[in-house]
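K.L.:
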Amino acid sequence: MTKSLMKSVSGSSSWTCNSSRVEIGRTCHHKIEAKLRTVKSGPNLGRRFHGCSLWPNSDCGFFQWCNDNDIQDNVHKMKNKDLLIDQLLAENRALEEKVQKLKKKKKELAAMITGSSLVACKSCRGETFAIMVVVASLIVFGIVSFLK
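Below you can see the structure in the form of structure tokens.
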């Protein structure tokens, strides 16, 4: 927006740019997001408007007064999005904690399975030894009985 146009519309060429706030859906003639600016002096002091984001280096002449209802709607939308972000972060933390608990439980179960496998193997060895003793005893008994 040219300074002369700014002066005729706002009553003054003094204004500020709130560069962190961009009105979604409002684009200047350069096809980029228009910045929300505030009149600093004159009869429209404090009134907000949308202007070309490239101004003062380049100016496409885009100008649109901001509707106060739009601002309130956007503030409400931002608060709702902030609440949603907080809820999602809390849900994410809860899920991360659940994942950590499940990983710990998985390790414990793996250790239990490994331990029970070792016990099973030891009992198998003991059973095998007992069977061998019984078979050897039967063979010895058979030989002794045969020799008598």
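Numbering-wise (UniProt numbering), the sequence shown opens with residue 1 and increments by one.
Note that beta-carbon positions come from the ideal geometry of N, C-alpha and C, so glycine has one too.
Round the Cβ separation of I32 and S53 to the nearest angstrom and send it over; I've been treating them as touching at under 8 Å.
P.N.:
The pair is a contact, with the Cβ atoms about 5 Å apart (cut-off 8 Å).
K.L.:
Can you tell me whether F49 is helix, strand or coil according to DSSP?
P.N.:
Looking at F49 - three-state DSSP - the assignment turns out to be strand.
K.L.:
When you compare the CB positions of R93 and C66, do they come within less than 7 Å of one another, or not?
P.N.:
Cβ atoms of R93 and C66: not closer than 7 Å.
K.L.:
What is the residue span of the beta strand (DSSP E) that F63 lies within?
P.N.:
Counting along the chain, the beta strand (DSSP E) containing F63 begins and ends at 63-65.
K.L.:
Quick one: using the 10 Å Cβ neighbour count with 16 as the cut-off for buried, is V39 buried or exposed?
P.N.:
That one is buried.
K.L.:
Grab me the residues of C28's own chain with a C-beta within less than 7 Å of its C-beta, minus the 5 sequence neighbours each way, in chain order.
P.N.:
Once the five neighbours on either side are set aside, the close Cβ partners of C28 are A34, C52, S53, C60, F62.
K.L.:
Just grab the DSSP bridge partners of E33 for me.
P.N.:
Bridge partners of E33: T27.
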